[in-house]
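Have a look at the structure below, then the notes.
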Amino acid sequence: MPRQRLWFESRYSWGTHIYVELMEIEASDGMPRQETQLLASVYQNKKTFEAVIRRPEDDEFLPGFSSLEAAQTAVCNILSKNPPNHATYRQLL
Numbered sequence: 023m024p025r026q027r028l029w030f031e032s033r034y035s036w037g038t039h040i041y042v043e044l045m046e047i048e049a050s051d052g053m054p055r056q057e058t059q060l061l062a063s064v065y066q067n068k069k070t071f072e073a074v075i076r077r078p079e080d081d082e083f084l085p086g087f088s089s090l091e092a093a094q095t096a097v098c099n100i101l102s103k104n105p106p107n108h109a110t111y112r113q114l115l
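The numbering used here puts the sequence shown at residues 23 to 115.
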């Protein structure tokens with residue numbers, strides 16, 4: 023099951039950056055398909071950036087970053103140490 027994680031700017035909310043995981047899986051009919059899971063979002067709140075890590079049990083809020091890069095780095099570090107539970111998916115598409 024190949025996985026690919028990537029950051030991109032949300033097409034739904036200007037200025038919000040989201041971190042998603044694309045997974046290619048084999049459907050029951052044998053055809054490959056992609057599923058997308060929202061892992062985190064980072065957005066600007068006045069002069070600071072805030073991050074939200076999306077988890078099935080409860081979202082984790084990380085406030086007060088001075089830059090977009092700092093918030094994205096923190097999110098990547100947290101997700102690499104404590105990866106999401108892949109048994110539960112939140113679909114974006």
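Heads up, the beta-carbon is just placed ideally off N, CA and C, and yes, glycines get one too.
Remember, it's a predicted structure, so these values are computed and weren't measured experimentally.
- A direct Cα-Cα distance of roughly 43 Å separates PHE87 from SER50.
- Assigned with DSSP and collapsed to three states, GLU79 falls in coil, not helix or strand.
- Restricted to the segment 23-61, the beta strand (DSSP E) segments that are unbroken, complete and at least 3 residues in length are 25-31 and 39-48, listed in chain order.
- Pairing ALA62 with LEU28 gives a Cβ-Cβ distance that is not under 8 Å.
- By the beta-carbon neighbour count (other beta carbons within 10 angstroms, threshold 16), ILE47 is exposed.
- Taking every protein chain shown into account, the CB of GLU31 has fewer than 16 other CB atoms within 10 angstroms, so this residue is exposed.
- Within the DSSP bridge table, the entry for VAL64 names HIS39 and ALA73 as partners.
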